[in-house]
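What follows is a short report on a single structure.
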Amino acid sequence: MKDSNFLKEHNARSLWHPMAHPADSLANPPTIVTGASGVRIRDIDGHEVVDGVGGLWNVNLGYSCAPVKQAISRQLDQLPYYSIFRGTSNDAVIELGEELRGFFAPDGMGRAFFTSGGSDSVETALRLARQYHKIRGQEGRSKYLSLKKGYHGTHTGGASVNGNANFRTQYEPLLPGCFHIPAPYTYRNPFNETDPERLAALCLQALEDEIAFQGAGTIAAFIMEPVLGAGGVIPPHESFMPGVREICTRNGILLIADEVITAFGRTGSWTGARHWGVQPDMMCTAKAITNGYFPFGAVMLSEAIAETFEKDTSGKAAIGHGYTYSGHPVGAAAALACLAETLRLKVNENAAARGAEMMAGLQVLKDRFEVIGDVRGGHGLMNALELVADRDSKAAIDKATIARVQEVAYQSGAMVRVSGNNIILSPPLVLTGEDVQVILSALEAGLGAASA
Ligand SMILES: Cc1ncc(COP(=O)(O)O)c(C=O)c1O
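So the sequence shown is numbered by this note's numbering: it starts at 3 and just counts up by one.
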């Protein structure tokens with residue numbers, strides 16, 4: 003590896019960073035991370051901090067998960083790649099299919115379709131939803147509904163159901179036939195409703211209204227995150243997802259749970275849908291499925307969907323979709339080891355306990371710092387602080403101030419993530435109580451510096 007002077011000098015010069023302006027990456031060179039262990043990352047200058055971002059919502063078991071590393075290494079020696087397109091399979095992916103079927107059985111899922119990541123999983127689910135209706139003779143069902151503020155990756159289908167203009171505007175026109183309803187976001191919503199239960203009812207009413215307007219027979223699926231994550235950690239009232247389920251069922255619309263960040267324990271439950279007592283028709287997973295150590299994902303399909311495809315005699319159920327890396331044996335081996343370790347460590351329980359501590363600490367910070375407009379979370383280890391220039395008007399904070407919070411928090415011991423007006427926390431699920439306190443005190447330092 004080149005020395006640190008070379009790396010710093012060339013930082014961002016010959017590559018573009020996702021989700022960043024290239025000029026900004028040149029003006030403000032990214033932190034160069036060179037090592038990690040446990041829940042801590044280390045930069046090129048040797049500065050070590052608790053990773054409040056958990057990689058990118060994916061390193062749930064931390065950076066030192068030996069079973070996953072060993073599984074990857076063993077699989078690379080045994081079979082580093084072979085495709086599972088028609089006619090071939092591999093041992094690791096067969097075993098993984100069985101394990102996932104068991105893990106997701108309480109969600110009503112019975113089959114897996116493997117992908118290379120979250121955006122692929124979303125794209126796969128959207129496409130299979132249309133195909134499902136075609137097999138059943140309902141060719142007219144092609145539209146998709148979703149939530150404003152939702153994040154579903156950046157493929158064109160996913161961006162089309164995304165509910166945030168930042169991921170859409172420069173790439174329009176997107177897929178036709180995608181419509182959005184208001185998110186159950188109590189801090190800002192078009193109904194000016196702050197009561198979570200009443201807001202959930204209003205959003206459900208908006209969903210009913212949109213279905214009536216579009217015509218139920220034109221809609222293939224509704225896609226939602228059980229707790230909206232990248233859009234600013236927006237947990238809905240407990241009545242919301244069950245309400246969506248009921249409306250979708252009554253209208254013959256498939257419900258796709260985008261569980262790319264919520265599957266495998268982050269909410270304190272094993273899946274986000276299970277957290278709300280809902281069985282969706284499909285679940286998109288990725289990220290923590292391999293602890294982030296290998297790019298991999300899976301779309302889980304309900305038994306009813308599986309039966310429709312498997313019993314088809316028309317030929318329409320032939321799947322004209324898949325990725326070179328679908329069912330990659332190294333990813334499958336990583337996922338097998340990761341699932342075993344996730345279950346052994348019962349990370350969902352730790353996520354719930356540490357998440358409660360985090361939420362309580364963030365509420366205390368809100369009492370101290372005017373710049374915090376809203377604290378969100380309360381469901382496992384996913385939290386956001388929404389910063390405002392003024393609490394009464396809720397005017398957006400300026401970029402420099404929120405960047406300062408992040409920078410000082412980093413210097414004070416924790417990496418946190420800035421997304422728009424929000425500071426988002428999605429740490430590894432193996433975090434200890436002391437690690438929670440490190441993140442909170444780093445944030446306190448950051449907020450103090452920005453408020454000075
Ligand atoms: C809910 C959700 N869906 C989809 C994606 C896209 O996943 P990927 O970045 O692996 O393509 C993400 C990524 O953060 C996500 O949070």
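C-beta: ideal position from N, C-alpha, C; glycine also.
- The nearest non-hydrogen atom of ligand 1 is 7 angstroms or more from the C-beta of K151.
- Shown here, F224 sits in a strand according to DSSP, grouped into three states.
- A167 sits in a helix when the DSSP states are folded into three classes.
- H182 places its beta carbon 8 angstroms or farther from that of T269.
- Judged by DSSP in its simplified three-state form, G233 adopts coil rather than helix or strand.
- Taking all protein chains in view, the Cβ of F87 is surrounded by fewer than 16 other Cβ atoms within 10 Å, so the residue is classified as exposed.
- Taking all protein chains shown into account, I96 has fewer than 16 neighbouring C-beta atoms within 10 Å of its C-beta and is therefore exposed.
- Rounded to whole angstroms, the separation of the alpha carbons of N13 and P24 is 11 angstroms.
- Between N166 and Y146, the C-beta gap is not smaller than 8 angstroms, which leaves the two residues out of contact.
- Apart from sequence neighbours up to five positions away, the residues of its chain that approach W278 with a beta-carbon distance below 7 angstroms are P228, E240, M243 and P244, ordered along the chain.
- For N424, the secondary structure class from DSSP, reduced to helix, strand or coil, is strand.
- Here H330 is buried: its Cβ has 16 or more other Cβ atoms, across all protein chains shown, within 10 Å.
- Per DSSP, reduced to three states, the secondary structure at L130 is helical.
- If you check the C-beta of G119 against ligand 1, you find a heavy atom less than 7 angstroms away.
- A contact between stretches requires three or more CB pairs, one per stretch, nearer than 8 angstroms, and the region 113-129 fails this requirement with the region 182-191.
- Relative to the Cα of I291, the nearest Cα in the group A232, I441, L98 and A402 belongs to L98.
- Between R42 and the set G450, E436 and S453, the nearest pair of CA atoms involves E436.
- Taking 7 angstroms as the cut-off, the C-beta of A353 does not count as close to any heavy atom of ligand 1.
- The Cβ atoms of T90 and H323 lie no closer than 8 angstroms to each other.
- By DSSP's assignment, E50 forms a beta bridge with R44.
- Separation of K151 and N164 (C-alpha to C-alpha, rounded to the nearest whole angstrom) is 7 angstroms.
- Per the coordinates, the alpha-carbon of C180 lies some 8 angstroms from the alpha-carbon of S148.
- For the 8 angstroms CB-CB criterion, V407 and A452 form a contact.
- Pairing A405 with V420 gives a Cβ-Cβ distance under 8 angstroms.
- Going by beta carbons, L387 and R356 fall outside the 8 angstroms limit.
- Annotated as distal: L389 and L445, with beta-carbon spacing of 8 angstroms or more.
- DSSP places D376 within a strand segment (E or B) once states are collapsed to three.
- Beta-carbon to beta-carbon, V52 and V440 are separated by about 5 angstroms, close enough to satisfy the 8 angstroms threshold.
- Listed as beta-bridge partners of A386 by DSSP are R378 and I426.
- Rounded to the nearest whole angstrom, the CA to CA distance from F105 to L128 is 23 angstroms.
- At least one heavy atom of ligand 1 sits closer than 7 angstroms to the Cβ of I263.
- Between the C-alpha atoms of L28 and R276 there is a straight-line separation of about 43 angstroms.
- With contacts defined by Cβ atoms closer than 8 angstroms, S428 and N350 do not form a contacting pair.
- Closest option to T344, judged by alpha-carbon separation, among G415, P430 and E261: P430.
- Taking a cut-off of 8 angstroms for Cβ pairs, the region 211-226 and the region 248-260 touch, as three or more such pairs fall below it.
- In the three-state scheme derived from DSSP, where H, G and I count as helix and E and B as strand, S118 is classed as coil.
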